Each structure stands twice: as structure tokens, then as C-alpha cells.
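Quick note on numbering: the sequence shown equals residues 1 to 309 in this note's numbering.
Input: a single structure, listed below in C-alpha cells.
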Amino acid sequence: MKAFLARLAFALGLLGGLFALTATSASAQGETRVRVGTITAGQSCTTWRNYEGSRLTYSEAEYARWWGAAAARRYYLSHTTWRSWVVKDCQDNFTSLRDTVEASLASTGRLTVGRGGYTLDIRISNISSTPPATRQPVRGDASYRTSWGTALVTADYILRDRNGDSVDGGAITKRIEMSRTIDTNRMSVSVSEPGAAVYNLMQNEVALAIAREVTFTIEPARVIAAEGDRIEINYGRPLVELGDRLDVKKTRGIGSIRYRVVSASDNDAVAEVDGDNDTSDIEPGNLVTFIEKDSDAANARRFQRRRLP
């Protein structure tokens, strides 16, 4: 009898291991895989080269010979604009941007970066910047005027399936404030970010925007719970952060309702209706559209127009 029970326990153990292996294999097969393919520039890399002034007075190597490597590094960073870092990455086939995009895709928790699924191709089509303009005060001793410089990148992307067919694509534009000037009758103050910091921030913004577009195409963002003026959606950090705006499609009728994220975890986020709007047509399963902070849609009307009696 004991021998029989021992054999039965052994058989059940093997069966359990087989089920676990099958489940793990099925889970692995069910993972959606995305490979970052080509990242190209719409024009020559050197087109974007831009230094503070006509050129550096000394190269970084020359400066280092006289003042040391640390001082040379500070000199180089303070005299090169963010475009210089774009040129460096472009000449290296955008290795740094590729790493950032892959990290953003992997951080979604819904995608695996690798071969065997979709292929994502990216093209940097435009890079530009606007310096802060020096302005005079409006009027009076206490008046002032402020202006800011922005860095702008436009990137096109195409998502292809394993057969090479295009399943999604588009263009995203990201704007980053990199400097600000304040003028008064008595003083003028200007602040700016180093070129490396601006490019790093720009990389992150572009990568996250593309990751959102790709992820939400493969697995759309939806409402998973609705209670009063609040909803819970099936995505969280880093794709959806505190303060982000969402448009939620109504179950009945036309249009959508604007929400603002009030909390976000790694797996989901909670948003509250933006404005005094009727949320009775918002239910679990409704589609959610993410609104980029620097897009025109971010300034859309929040309240529904009402006719007065």
C-alpha cells in the first residue's frame, strides 16, 4: 500500500510539473514581442550641428591638456547646444535613442523587446529650436516680460507585423523648454539647461510617446472600473503619470469626457472627471485616449456647452 501511494505521489508530481511547464510555455508564447528596427534621420547628421557661436575656441582634448579632463568636460558641456548631442547620437546610428525606446517599451509590462513579433521603425524627420527673445517690459517700474526657448523634435514611426505589413504609424512632435529669459526695467535674467540634459529629456519624451502609441495600438487603454466621478484604467506608470489627461469614449451618444489622472501605480491608474460633466455614460470597457501634454488636444474644451433657458 505504501509503495502504491509513493508511486501515486510521484506521478502526481510529474503531472503537476508538466502543467506548470505547459502554462509557462503558453505564457511565453502569449507575450507580445516588439523589435526596434531602424532609426534613421531625415537628413544628414551634420545638418543639425550647432555650437554656441561659430565654433569652439578649443577642442575638448586641447582644453584637457591645459586644465584637466574635468574642466574640459565642463567647458565642452557649457559651449555646445543640445543639437550637438543629436549629431553624436545620429552618427552612432542613434544607439542612445534606441536604448531609451527599448527601455520604454519593456517598462510597459505588456511588451517584450525582441524578435519574433512586431518591428518598429523610426525616422527623425525634424529637429529645431527657438531661443528666448529679449523683450522690453510692458510698462511701469514693476512690469516684466518673459520668454522661453524650446527644443522641438518630430519623429515618424511605422509598426509592422511579422509579415511586414504596416499595422500602425504616425508622427509625434515633442517640445521641451530649455531656457527662459525674464526682462524688467532694472534687470534681465536668463537661465538654460546644458545641451546633454536637454537631449536626455527629449529622448525620454520621444521614447515614451512612441511606446504609448505602440502599446495602446496592440492592447488599447480601457476603463476597468467606474465609481462616481472617478475611473480606473488598465495602464499605469510610466505610460500614465499623475496629472496626465485622458479622453474617455462615452457608451451612448457622441463624443468623450475629459479626465485627469490623480494616482498611478505600476499596473493601473485612477483618474477624476475634469469639470462638472455627466459621467453616467462612462462604464467599464470604454476606450481611453491618452492626451500628450504638449499637444493641441491638451487645450481642448473641458466643459460641455449648455443652452440657457
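Note that the Cβ used here is the ideal one computed from N, Cα and C, for glycine as well.
Computed from a predicted model, the values in this text were never measured in an experiment.
Assignment of beta-bridge partners to D247 by DSSP yields R258 and T289.
If you draw a straight line from the Cα of T150 to the Cα of S188, it is about 19 Å long. Using a Cβ-Cβ distance cut-off of 8 Å, the segment 88–97 and the segment 194–209 are in contact, since at least three pairs of beta carbons, one from each stretch, lie closer than that value. Apart from the 5 residues on each side of it in sequence, R260 sits with its Cβ closer than 7 Å to the Cβ of G243, R245, A271, E272 and D274 in its chain, given in chain order. Three or more Cβ pairs drawn from the segment 35–47 and the segment 105–118 lie within less than 8 Å of each other, which places the two stretches in contact. A straight line joining the alpha-carbon of I233 with that of S192 spans about 37 Å.
In the three-state reduction of the DSSP assignment, A264 falls in the strand class.
Residue V248 holds the alpha-carbon nearest to the alpha-carbon of D229 among P238, G236, V248 and W66. The three-state reading of DSSP puts L201 in helix, counting H, G and I together. When secondary structure is reduced to three states using DSSP, L242 falls in the coil class, being assigned neither helix nor strand. Taking a C-beta distance under 8 Å as the contact criterion, L239 and L208 qualify as a contact pair.
Rounded to the nearest whole angstrom, the C-alpha separation of T279 and R110 is 29 Å. Taking the Cα of G255 as reference, the smallest distance to any Cα among E213, A269, N277 and G236 is reached at N277.
The Cβ atoms of I124 and A155 sit closer than 8 Å to each other. Counting along the chain, D89 sits inside the alpha helix (DSSP H) bounded by residues W82 to Q91. By the beta-carbon neighbour count (other beta carbons within 10 angstroms, threshold 16), A71 is exposed. Around the C-beta of L308, fewer than 16 other C-beta atoms lie within 10 Å, and the residue is accordingly described as exposed. Membership of L152 in the beta strand (DSSP E) is indicated by the continuous run Y144 to R160. Judged by DSSP secondary structure, T40 falls within the beta strand (DSSP E) whose first and last residues are T32 to A41. Between S129 and L152, the beta carbon gap of about 7 Å places them in contact (Cβ cut-off 8 Å). In the structure shown, I218 falls within a helical segment according to DSSP collapsed to helix, strand and coil. Among the bridge pairs identified by DSSP, R230 is matched with E227 and E272. The alpha-carbon of S84 is positioned some 50 Å away from that of D281. Per DSSP, reduced to three states, the secondary structure at I282 is coil, with no helix or strand assignment. According to DSSP, residue pairing for R123 in a beta bridge involves T40 and D156.
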